[in-house]
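The structure appears right after this line, and notes come after that.
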Amino acid sequence: MTDVEVETELANSGARPVAEGLFTWPDTPRLIATSCVACATTTFPKQASCPRCTGTDMREVTLATRGRLWTWTIQGFEPKPPYAGPIPFEPYGVGYVELAADAPGASSVLVESRLSESSPDRLAIGAEMELQIVPFRRDDDGTEVVTFSFRPAEAAGE
Amino acid sequence: MDVAIVGVGIHPFGRHPGVSGLEQGAFAVREALADAGIGWTDVQCAFGGSASSGNADSLVSNLGLTGVPFVNVYNGCATGGSALAMADRAIRSGDYDVTLALGFDKHSRGAFNANPESAGIGRWYGETGMMLTTQFFGMKIQRYLHDYGLPSEILAKVAAKAFRNGSLNPNAWRRKPLSEEEILSAPMLSNPLTQFMFCNPGEGAVALILCRADQAHRFSGRPVKLRSVSFKTRRFGSFEVFSPWLSPERVPGPTVEAAAAAFEAAGIGPEDMDVAQIQDTESGAEIMHMAETGLCKDGDQGALLGSGATEIGGRMPINTDGGCLANGEPIGASGLRQVYENVLQLRGDAGDRQVPGNPKAAFTHVYGAPGLSACTVMTV
Chain A
15 MTDVEVETEL
25 ANSGARPVAE
35 GLFTWPDTPR
45 LIATSCVACA
55 TTTFPKQASC
65 PRCTGTDMRE
75 VTLATRGRLW
85 TWTIQGFEPK
95 PPYAGPIPFE
105 PYGVGYVELA
115 ADAPGASSVL
125 VESRLSESSP
135 DRLAIGAEME
145 LQIVPFRRDD
155 DGTEVVTFSF
165 RPAEAAGE
Chain B
2 MDVAIVGVGI
12 HPFGRHPGVS
22 GLEQGAFAVR
32 EALADAGIGW
42 TDVQCAFGGS
52 ASSGNADSLV
62 SNLGLTGVPF
72 VNVYNGCATG
82 GSALAMADRA
92 IRSGDYDVTL
102 ALGFDKHSRG
112 AFNANPESAG
122 IGRWYGETGM
132 MLTTQFFGMK
142 IQRYLHDYGL
152 PSEILAKVAA
162 KAFRNGSLNP
172 NAWRRKPLSE
182 EEILSAPMLS
192 NPLTQFMFCN
202 PGEGAVALIL
212 CRADQAHRFS
222 GRPVKLRSVS
232 FKTRRFGSFE
242 VFSPWLSPER
252 VPGPTVEAAA
262 AAFEAAGIGP
272 EDMDVAQIQD
282 TESGAEIMHM
292 AETGLCKDGD
302 QGALLGSGAT
312 EIGGRMPINT
322 DGGCLANGEP
332 IGASGLRQVY
342 ENVLQLRGDA
352 GDRQVPGNPK
362 AAFTHVYGAP
372 GLSACTVMTV
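Which chain is which? The protein sequence lines are A and B, in order.
Quick note: the first sequence uses my numbering, first residue 15, plus one each step.
Quick note: the second sequence uses my numbering, first residue 2, plus one each step.
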């Protein structure tokens, strides 16, 4: 099954995003950010004001789906609540990925994200990564909860 | 007006079942009062706090209802540093002659579980497993080692030094030396940091009695001059804990500004320090903070650690009491533990871990969530 087919199936199954406003869903998933009209600083997630210039005129933008890994680690132990991840716990990668904004003039932004790769041998600073929307857990009523994640871009389509 | 520290008290760090954080705080205050040779009725103004163990001002019920103005401080890892800064200013302002700075805490086992909503972040950030200080430290040192071409083995050198120094400190929690091999082969918690490269949330308390330096002779404790206390928070572009995003533009963290301000106010520089206590919540933090505080240049840490320069007998002893790694981190008390250690070192009272050659100048540094730092410079 291709990524698009997996995401389409998740959408059709009634899956919900872990929070509203983080990414477009279910059509053409993109991370949703804001860019400051005055200084072009891009924030993720959306903010009503700019922490760089203190401006309050922010426009909504989406982010590129590919970017380079700026730094990373692997979460080796189960976090305490409010962590609500899959049971049993499996180590997961976390990193910052630099993403361009899909808007002229807006700055890029380093987004912190879970990584689908948790083997240190397959993660490297500077590697190209790609966005994917992945199943994360199920609510008590059985609803699938999805979140955003990045994986090494060379794995795309496998 | 100059300020002196004339009394220090500590409740041993570690785990103390059945002893509350507040009780540990009261113990430290009584120790500090005894060290200064005064009573609780002589303290004119007090500042103190804990992150998770109650209100410091409630201690008057234990210590005595003297009418003293007692301010609660709730400032994350800078709780102790902030309390000290205000106790210092209260004297410099001329309003008071004798003040108290206090920090204490008692945390449960395991890593801290911060609440995203109290930090202004959506709950999803914690639910999906990114609200962890340990992760931030792993990612920050990962990038730092990459940028300066440092080998990850130096992380084990820092931890081995901490446990070696801790073994010489009767108030430390972790008193068993560990080899670099044991540290490197421990379970990986957050690459490149293993279990023994992290400090643990713990328990403990520290109290300090401050006075006008021109009145220090009236107290029994040998005075140490508090030359400066500085406190700064992050600016746009610094890489900080609990950041769902970062700007591509990088600026130095709050440690750089806080350290520079402390040295400038003291009128002496990092090259003049004979001993330093810097925040080592994990091994990588000590390495990065060595450079951020100005004690060395970025990238020089490998050579300094390799040559033993930061050992107790070295050119620039760092974390002589074992630091956070050997003492654990009771958040409210941690910054004041560093000051306590420097007072002992400058008095020549540090016992088995005394820095040789009669140290004359000492530095402390704390750093913490969500991007703040407090530094001090002390001399005799």
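Glycine included, every Cβ here is placed at the ideal spot set by N, Cα and C.
As the structure is a prediction and not an experimental result, all values here were calculated from the model.
With 16 as the cutoff for other CB atoms within 10 Å, does P100 (chain A) come out buried or exposed?
Locating residue 100 (chain A) in the first sequence gives position 86, counting from the first residue. It counts as exposed.
Amino acids of chain B, ordered along the chain, whose beta-carbon sits closer than 9 Å to that of T161 (chain A)
Position 147 of the first sequence holds residue 161 (chain A). Those are W125, E128 and T129, listed as they occur along chain B.
Among B:I122, B:N192, B:L305 and B:I332, nearest to V108 (chain A) - alpha-carbon criterion
For this step, residue 108 (chain A) is matched to residue 94 along the first sequence. Just measuring C-alpha positions, the residue of B:I122, B:N192, B:L305 and B:I332 sitting nearest V108 (chain A) is B:N192.
So which residues of chain A does Q136 (chain B) contact, with C-beta pairs closer than 7 Å?
Here residue 136 (chain B) is taken as the residue at index 135 of the second sequence, counted from 1. Here the neighbours are T87, Q89 and V108.
Stretch-stretch touch, CB-based, cutoff 8 Å, three pairs: the segment 246-257 of chain B with the segment 63-72 of chain B
Too few Cβ pairs lie closer than 8 Å, so no.
So the alpha helix (DSSP H) E182 (chain B) belongs to, where does it begin and stop?
Counting from one through the second sequence, the residue named residue 182 (chain B) turns up at place 181. Per DSSP, E182 (chain B) is one residue of the alpha helix (DSSP H) stretching across E181 to L185.
What are the start and end residues of each continuous beta strand (DSSP E) run of 3 or more residues lying completely inside the segment 160-236 of chain B, in chain order?
Entirely contained in the segment 160-236 of chain B, the beta strand (DSSP E) runs reaching 3 residues are, in chain order, 189-191, 204-213 and 225-234.
Counting only C-beta atoms, is F237 (chain B) closer than 8 Å to chain A at any point?
Mapped onto the second sequence, residue 237 (chain B) falls at position 236. Chain A contact via Cβ: present.
Is it buried or exposed, C53 (chain A), if we count other Cβ atoms within 10 angstroms and call 16 or more buried?
Your numbering for residue 53 (chain A) matches position 39 in the first sequence. It is exposed - the Cβ of C53 (chain A) has fewer than 16 other Cβ atoms within 10 Å.
To be precise: take each residue of the segment 110-126 of chain A, compare its Cβ to all Cβ atoms of chain B, and keep it if any distance is under 8 Å. Which residues remain?
Identification of residues in the segment 110-126 of chain A having a C-beta nearer than 8 Å to some C-beta of chain B yields Y110, E112, S121, S122, V123, L124, V125 and E126, given in sequence order.
Beta-carbon proximity of E131 (chain A) to P166 (chain A), cut-off 8 Å
By 1-based counting over the first sequence, the position of residue 131 (chain A) is 117. By 1-based counting over the first sequence, the position of residue 166 (chain A) is 152. For E131 (chain A) and P166 (chain A), yes; Cβs fall inside 8 Å.
If you drop the 5 nearest sequence neighbours on each side, which residues of the same chain put their C-beta closer than 8 Å to that of V159 (chain A)?
As a working note, residue 159 (chain A) is residue 145 in the first sequence. If we look at V159 (chain A) and ignore the five residues flanking it on each side, its Cβ neighbours are A29, R30, P31, V32, P149, F150, R151, R152 and D153.
Select from B:G55, B:E330, B:A375 and B:G358 the residue whose C-alpha is nearest the C-alpha of F113 (chain B).
Along the second sequence, one-based indexing puts residue 113 (chain B) at 112. For the residues B:G55, B:E330, B:A375 and B:G358, the minimum Cα distance to F113 (chain B) belongs to B:E330.
Helix, strand or coil, according to DSSP, for Y110 (chain A) in the structure here?
Residue mapping note: residue 110 (chain A) aligns to position 96 of the first sequence, counting from 1. Strand at Y110 (chain A).
G140 (chain A): which of A:W84, A:Q61, A:A78 and A:P40 sits nearest, CA to CA?
By 1-based counting over the first sequence, the position of residue 140 (chain A) is 126. Among A:W84, A:Q61, A:A78 and A:P40, the Cα nearest to that of G140 (chain A) is on A:W84.
Can a CB atom of chain B be found closer than 8 Å to the CB of P60 (chain A)?
Taking the first residue of the first sequence as position 1, residue 60 (chain A) is located at position 46. The sequence given here has Lys at residue 60 (chain A), not Pro. At least 8 Å separates the CB of K60 (chain A) from every CB of chain B.
Compare the C-beta of R110 (chain B) with all C-beta atoms of chain A and state if any pair is closer than 8 Å.
Counting from 1 along the second sequence, the entry for residue 110 (chain B) is found at position 109. With its beta carbon at least 8 Å from every one in chain A, R110 (chain B) lies outside the interface.
Taking contact to mean at least 3 C-beta pairs separated by less than 8 Å, is the segment 305-317 of chain B in contact with the segment 333-345 of chain B?
As far as the Cβ criterion goes, the segment 305-317 of chain B does not touch the segment 333-345 of chain B, which means the pair count is below three.
Go ahead and pull the three-state DSSP assignment for A267 (chain B).
For the purposes of this step, residue 267 (chain B) is identified with residue 266 of the second sequence, where counting begins at 1. A267 (chain B) carries a helical assignment under DSSP once its states are collapsed to helix, strand and coil.
Counting C-beta neighbours from all protein chains within 10 Å, is the total for N116 (chain B) 16 or more, i.e. buried, or is it exposed?
Position 115 of the second sequence, counting from 1, holds the residue named residue 116 (chain B). Within a 10 Å sphere around the beta-carbon of N116 (chain B) sit fewer than 16 other beta-carbons, which makes this residue exposed.
Could you spell out where the beta strand (DSSP E) holding I142 (chain B) opens and where it closes?
Start at 1 with the first residue of the second sequence, and residue 142 (chain B) comes out as number 141. Note, I142 (chain B): premise wrong, no beta strand (DSSP E); alpha helix (DSSP H) at T134 to Y149.
Assuming W86 (chain A) is part of the beta strand (DSSP E), what are its boundary residues?
Indexing the first sequence from 1 puts residue 86 (chain A) at position 72. Note, W86 (chain A): beta strand (DSSP E), R80 to Q89.
May I ask you to list the residues that DSSP assigns as paired with S374 (chain B)?
Taking the first residue of the second sequence as 1, we reach residue 374 (chain B) at position 373. Paired residue(s): B:K233 and B:Y368.
Checking the sheet assignment: what are the DSSP bridge partners for I6 (chain B)?
As a first step, residue 6 (chain B) must be located in the second sequence, where it is residue number 5. Note: I6 (chain B) is bridge-paired with B:L211 and B:V225 in the DSSP secondary-structure output.
Contact list for F150 (chain A) against chain B, beta-carbon separation under 7 Å:
Indexing the first sequence from 1 puts residue 150 (chain A) at position 136. Within 7 Å Cβ-Cβ: T129.
At what residues does the beta strand (DSSP E) containing E118 (chain B) begin and finish?
Working through the second sequence from its first residue, we reach residue 118 (chain B) at position 117. Per DSSP, E118 (chain B) belongs to no beta strand (DSSP E) and is neither H nor E.
For M289 (chain B), report the span of its alpha helix (DSSP H) as first-last.
Locating residue 289 (chain B) in the second sequence gives position 288, where the first residue counts as 1. Per DSSP, M289 (chain B) belongs to the alpha helix (DSSP H) from S284 to E293.
Considering just the uninterrupted stretch of the alpha helix (DSSP H) at D89 (chain B), what are its terminal residues?
Counting from 1 along the second sequence, the entry for residue 89 (chain B) is found at position 88. First-last of the alpha helix (DSSP H) with D89 (chain B): T80 to R93.
Could you name the residues of the segment 138-162 of chain B whose beta carbon sits closer than 7 Å to any beta carbon of chain A, in the order they occur along the chain?
Listed by position along the chain: G139, M140, Q143, R144 and H147.
How many Å lie between C376 (chain B) and E283 (chain B) at the Cα?
Looking up residue 376 (chain B) in the second sequence gives position 375. Looking up residue 283 (chain B) in the second sequence gives position 282. The straight-line gap from Cα to Cα measures roughly 18 Å.
Could you list which residues in chain A have their beta carbon closer than 7 Å to that of P245 (chain B), in chain order?
Taking the first residue of the second sequence as 1, we reach residue 245 (chain B) at position 244. The CB of P245 (chain B) comes closer than 7 Å to the CB of F58, P59 and E126 in chain A, given here in chain order.
Given L229 (chain A) as reference, the closest of A:E21, A:A25, A:R136 and A:L124 once Cα atoms are compared:
Absent from the structure is residue 229 (chain A), since the part of chain A shown begins at 15 and ends at 172.
With 16 other Cβ atoms within 10 Å as the buried cut-off, status of D155 (chain A)
Your numbering for residue 155 (chain A) matches position 141 in the first sequence. Its Cβ having fewer than 16 others within 10 Å, D155 (chain A) is exposed.
Check for me: the beta strand (DSSP E) holding S49 (chain A) runs from which residue to which?
Reading the first sequence from its first residue, position 35 is the one you call residue 49 (chain A). Here the beta strand (DSSP E) through S49 (chain A) covers I46 to C50.
In chain B, which residues lie less than 8 Å from L145 (chain A) when you measure between Cβ atoms?
Counted from its first residue, the first sequence places residue 145 (chain A) at position 131. The CB of L145 (chain A) never comes closer than 8 Å to any CB in chain B; the least such distance is about 14 Å.
Environment of K298 (chain B) [buried if 16+ CB atoms lie within 10 Å]:
For the purposes of this step, residue 298 (chain B) is identified with residue 297 of the second sequence, where counting begins at 1. Per the 10 Å Cβ criterion, exposed.
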